[in-house]
Structure formats: C-alpha cells, structure tokens
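Numbering (our numbering), first residue to last: 103 to 417. Note that the Cβ used here is the ideal one computed from N, Cα and C, for glycine as well. Keep in mind it's a predicted model, so treat the numbers as computed, not measured.
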Amino acid sequence: MLFVITSVEEGVNIYLDAVWLLNILMDAMILNLTLGLTRAKSSKFRLFSAALIASSLVPLTIYMPHHFLTSSLGKALISLVIIWVAFRYSSLRAFFMQWISFYFITFAIGGTMMGVHFFLTTEMEVQGGTLVTFSGGYGDPVSWCFVLIGFPCSYFFTKWRFSQVAVHQMKMDQVYEVEVQWNGKTAKCHGMVDSGNQLVDPISRKMVFLADRYVIEQLIDEVVVDELTMDQVATSMDGLPGPVQDALRLVPFQAAGHAGQLLVTLTVDSVVIHTESGPLNVQKPLLGVQQSSLTHDNTYQMLIHPHAMVRGKSA
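Here is the structure:
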C-alpha cells in the first residue's frame, strides 16, 4: 500500500513510497559511482544502508520541512554519516576524497537532470527554497530514466574501474627502485619485472635489462645516446667515446615474430634492485638501449630480467 500525501494548496497527490524508492535508487547509484571513482572498499550492505540514510531526508523534508537536518549544515553533517557508513574508514585523507567525490557526482547528476528538465520544458517553480516540479506524485519521469539508465552504467563503470585498478596494482607490485652503476656514474630509476623478458647474451650468458633514454642519459651524454642505434653503431662505431666502445655489445633478439634483429647493449658495472627483503646486486649485466619511453606515463623506465629476482647477488 502506498502512503499518499495530498497537497491542499496545489491539489496534487504525492505517493511517498514511490518518491522514497526513487531517492533510494538514486542515492545507491551515486554511492556506487563514488565507489568506482575513489576505489574505496565497501559492500552491498554498506551501500544499501548508506542509501537508506540518505533517502531518509525525503519524509523528513515533507513532514518536518523546518527541521535542522533539512538545512544546508544539517545535510552536510548527514553526508558525512553517509560516507562513514558506505565506505570502510582507512584514513582522513581517503575519507575526505570520498566525501568530495560524493558531492561532485551528486552535483553532476543533479545539474544534468536540471538541464534535461529545462530542455523538456517541464513546469517547475521554487517554493520556500525548494525546487518543485508538477509531473505527478510518483516522482519525476526524468529521475526514473536516470535510475534505469544510470544503474547499468554505474555498474559497468565500477566493474571496469576495479579491473583497471587490479591491473595497475598488479603492475605496481612488481615495480622496484633500481640503481645502475657504470663508469663512475649512477643512474636511478624505477624498474618493472618483465616475466616475458628472457633475453640473454648467447655468448656470455649475461642477462639483459632494457632501459629507456631517461636511464641511459644519466650515464652518457645525450649526443652520444642519439648515436646508440643499430644503424649508427654499424656505420660509425669509431666515433663513439672509448668507454662506450669497450662496453658496447650487440645481442640478437626476436620481436613480434621477426628473428635476426640486433639490440644495442652496454655492459654496466652493476644493477642494484631495492626490494622489501633487501637490495639485489647483479654484477656485470647488459643494459639494452631503448631510445623511446617504455610507458606513456613513465611508471617505470626499465624492464628487469626475471632471473635477477631469483638469483639476486649470485647473478
């Protein structure tokens, strides 16, 4: 049975159950989007409980419109409770970001709904500081459309967002601080363990670490780095500095199904990988020269040979 409230002034029936259900669904959708945006930890029970608390403002506004909780300050306090119930508390900074994101999504959806209202020329007016629309007592049809469309979108967005976070976290779990020492210089960077990198020098059996320009330029002048390409080395190797010529090695490799290619590498003094268990020191490995960046966001600048994590100091 629906709770029906009749407005004597306007002669409009308001079906409180339907409007309340609409607000619960809207709040649940907003909290679900906040969950995906902030990568917070929660559960279905927490989200439903928080949505129920948020929607409690509907009957409170109707029956007690002048209550403190219906004021701006009261709503701000309730929003803090909503975030505290919806997400597991980890830190004050994370709590603040969840709170700000909650309001950002709320205002974004609310602004979009307002724009759709004006576009459809739905009759509306402001009464006592509250926006009132005359579209029936079951809640606004635009709001129901947002729920019907928004819930699947928020579900897939949250699912996609968590999959992205999982992949990123998996990568970050294998990223370490690395130091490369050669010719009295030290290059510092971040390296990721690449399980697909099994490249070794067929003659010396030394492991090959692939590094981009950011690493190489800390060891060698930029002008010389420009010459460390296969074409330049094959035609004008004599123009390279003596220490670079002594360290230079060409290692055969296969890429994208094409064999017979050569990679320009340098024999460095050591590569030190800083792990939680302590530093791993690889002596006299080969450092492959990659002229471009390995990633678009510079998350790491080196690909670490997986055998280095197993053999460590004995490598």
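Quick one: grab the DSSP three-state call for residue i.
i      : result
Pro354 : strand
Pro345 : helix
Pro387 : coil
Gln363 : strand
Leu194 : helix
Gly286 : coil
Leu124 : helix
Leu301 : coil
Ser181 : helix
Met411 : helix
Met272 : Residue confidence for Met272 is low, a pLDDT of 46 falling below 50, so the modelled location carries little weight and cannot support an answer.
Leu171 : helix
Phe189 : coil
Thr377 : strand
Val325 : helix
Tyr165 : helix
Thr337 : helix
Ala142 : coil
Leu135 : helix
Quick one: measure Cβ to Cβ for residue i and residue j, integer angstroms, because I've assumed they're closer than 8 Å.
i      : j      : result
His407 : Phe311 : 6 Å
Ser158 : Val187 : Actually they do not touch by this definition, with Cβ atoms about 12 Å apart.
Thr337 : Gln393 : Their Cβ separation, rounded to whole angstroms, is 16 Å, which puts Thr337 and Gln393 out of contact at 8 Å.
Asp296 : Leu405 : 4 Å
Val370 : Trp284 : 4 Å
If the criterion is Cβ atoms closer than 7 Å, does the pair residue i and residue j meet it?
i      : j      : result
Ala153 : Ala130 : yes
Ala349 : Leu368 : yes
Pro381 : Val391 : no
Leu396 : Asp314 : yes
Cys291 : Val327 : no
Ala142 : Phe189 : yes
Leu162 : Ser203 : no
His409 : Met309 : yes
Trp201 : Ile180 : no
Restricting to Cα atoms, I'd like to know which of the options is closest to residue i.
i      : options                           : result
Leu365 : Gly380, Leu388 and Gly341         : Leu388
Asn383 : Thr136, Phe204, Leu396 and Val282 : Val282
Ser192 : Thr208, Ser144 and Gln347         : Ser144
Gln403 : Ile305, Leu352, Glu378 and Gln276 : Gln276
Leu352 : Pro343, Ile305 and Glu319         : Ile305
Taking the C-alpha atoms as reference points, what is the distance between residue i and residue j?
i      : j      : result
Asp136 : Met199 : A quick correction: the sequence has Thr, not Asp, at residue 136. Distance between the alpha carbons of Thr136 and Met199: 10 Å.
Leu133 : Ile164 : 24 Å
Trp122 : Gly293 : 53 Å
Val128 : Pro167 : Before going on, a small fix: residue 128 reads as Met here, not Val. Cα-Cα distance, rounded: 21 Å.
Gln334 : Asp340 : 10 Å
Glu329 : Gln300 : 26 Å
Ser372 : Asn400 : 23 Å
Gly286 : Phe197 : 47 Å
Val160 : Tyr278 : 52 Å
Glu324 : Gln363 : 24 Å
Val280 : Thr208 : 43 Å
Ala289 : Gly176 : 55 Å
Pro124 : Leu149 : Before going on, a small fix: residue 124 reads as Leu here, not Pro. Cα-Cα distance, rounded: 15 Å.
Ser379 : Arg307 : 26 Å
Pro345 : Gln356 : 28 Å
His169 : Phe147 : 28 Å
Ser173 : Met411 : 59 Å
Pro343 : Glu319 : 14 Å
Ala156 : Ile126 : 7 Å
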